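Chemist:
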Amino acid sequence: MKTKALLILGLTMGMSAPVAAFNGVITINGEVTAGTCAIAVNGGTASATVTLPTVSTNALGSIGQTAGATGFNLALTSCPTTGSVRAYFENIGVEQTTGNLSNKAVASGGKNPAQNVEVQILSANSTPIDLRTNTGNNVLVNFSATGGATLYYSAQYIATGAVGAGLVSADLIYSLDYH
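The sequence shown runs -21 to -1, 1 to 158 under mature numbering (1 follows the signal peptide of the UniProt record, and there is no 0).
#1: To the nearest angstrom, how far is it from the Cα of L31 to the Cα of L146?
#2: Identify the residues that DSSP records as bridge partners of F68: which are they?
#3: Would you mind working out which of S87, L55, N95 and G72 sits nearest T45, comparing C-alpha positions?
#4: Between E74 and E97, is the Cβ-Cβ spacing less than 9 angstroms?
#5: What did DSSP end up calling L(-16) once you bin it into helix, strand or coil?
#6: What residues in its chain sit with their C-beta under 6 angstroms from that of A25, if we drop five residues either side in the sequence?
#7: Is it buried or exposed, L119, if we count other Cβ atoms within 10 angstroms and call 16 or more buried?
#8: Within this structure, are the beta carbons of A138 and L39 separated by less than 9 angstroms?
#9: Residues in the same chain with beta-carbon distance under 6 angstroms from N91, minus the five sequence neighbours each way, listed in chain order, please.
#10: What residues are listed by DSSP as bridge partners for I137?
#11: Mapping DSSP to helix, strand and coil, what is N52?
#12: Decide if G64 is buried, meaning its Cβ has at least 16 other Cβ atoms within 10 Å, or exposed.
#13: Straight-line CA distance for G72 to G9?
#14: Under 9 angstroms between the Cβ atoms of F51 and A141?
#15: DSSP state of T36, grouped into three classes?
#16: Any idea if G78 is buried or exposed, counting beta-carbon neighbours within 10 angstroms, 16 or more meaning buried?
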């Protein structure tokens, strides 16, 4: 009896076949370019620090109020002589309800991080850029005949509530978006 049961079990297991289903295809596209531009932020290297001016809490007295707008530029050289470019800002360190940069400052030198303050990035025409989606007039700039371009932006404080005095720090991570 045991032999019969084992024989039936063995036959049943042998008849089982793996099952696979075809559900879809993932297509991956990309582009390899001949070269990229050399970048200088405000005349320095590709990574730089933009220092906003010190402002009082009164300057940020109500939600949405801004202060301390400070321009910065990305000067590009050794680029193609045709096409266009803009900065693509990564959605890292971005407040998901506003599209602004979160304040990542930590207590230092007896000062705490400012409360209810974010950093807003503006395009060349002073329109806020929503960093969640890179929208808000993040315009393309054409390359010059000599292979250069300059991208202009600015950063400013923006109040998101009753502002508490303190330190503000944010990182804006970018790459170049070639067209």
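Beta carbons: idealized from backbone N, C-alpha and C, even for Gly.
Quick caveat, the model's predicted, so the values are computed rather than measured.
Modeler: Once the coordinates are examined:
#1: To locate residue 31, count along the sequence shown from 1; it is residue 52. To locate residue 146, count along the sequence shown from 1; it is residue 167. L31 and L146: Cα-Cα distance of roughly 11 angstroms.
#2: Position 89 of the sequence shown holds residue 68. In the DSSP output, where bridge partners are listed per residue, F68 has Y153.
#3: Within the sequence shown, residue 45 is the residue found at index 66, counting from 1. Out of S87, L55, N95 and G72, N95 has the C-alpha closest to the C-alpha of T45.
#4: Your numbering for residue 74 matches position 95 in the sequence shown. Your numbering for residue 97 matches position 118 in the sequence shown. Going by C-beta atoms, E74 is nearer than 9 angstroms to E97.
#5: Counting from one through the sequence shown, the residue named residue -16 turns up at place 6. Reliability of the predicted coordinates at L(-16) is poor, the pLDDT of 45 falling under 50, and the value obtained from them is presented with this limitation in mind. Three-state DSSP puts L(-16) in a helix.
#6: Taking the sequence shown and counting its residues from 1, one reaches residue 25 at position 46. Cβ within range, chain order: I18.
#7: Position 140 of the sequence shown, counted from the first residue, corresponds to residue 119. Answer is exposed; the Cβ neighbour count stays below 16.
#8: For the purposes of this step, residue 138 is taken as the residue at position 159 of the sequence shown. For the purposes of this step, residue 39 is taken as the residue at position 60 of the sequence shown. In this structure, A138 lies near L39, with their beta-carbon atoms less than 9 angstroms apart.
#9: The residue you call residue 91 lines up with position 112 of the sequence shown. So the list reads G145, once near-sequence residues are dropped.
#10: As a working note, residue 137 is residue 158 in the sequence shown. Paired residue(s): T45 and E97.
#11: One-based indexing of the sequence shown puts residue 52 at position 73. Assignment of N52 by DSSP, reduced to helix, strand and coil, places it in the strand class.
#12: Position 85 of the sequence shown, counted from the first residue, corresponds to residue 64. Rather than Gly, the amino acid found at residue 64 in this sequence is Val. V64 should be labelled buried.
#13: Taking the sequence shown and counting its residues from 1, one reaches residue 72 at position 93. Taking the sequence shown and counting its residues from 1, one reaches residue 9 at position 30. So the alpha carbons of these two residues sit roughly 26 angstroms apart.
#14: Locating residue 51 in the sequence shown gives position 72, where the first residue counts as 1. Locating residue 141 in the sequence shown gives position 162, where the first residue counts as 1. No, the Cβ-Cβ distance between F51 and A141 is not below 9 angstroms.
#15: Along the sequence shown, read from residue 1 onward, the residue named residue 36 stands at position 57. Reduced to three states, the DSSP call for T36 is helix.
#16: Locating residue 78 in the sequence shown gives position 99, where the first residue counts as 1. Burial call: buried.
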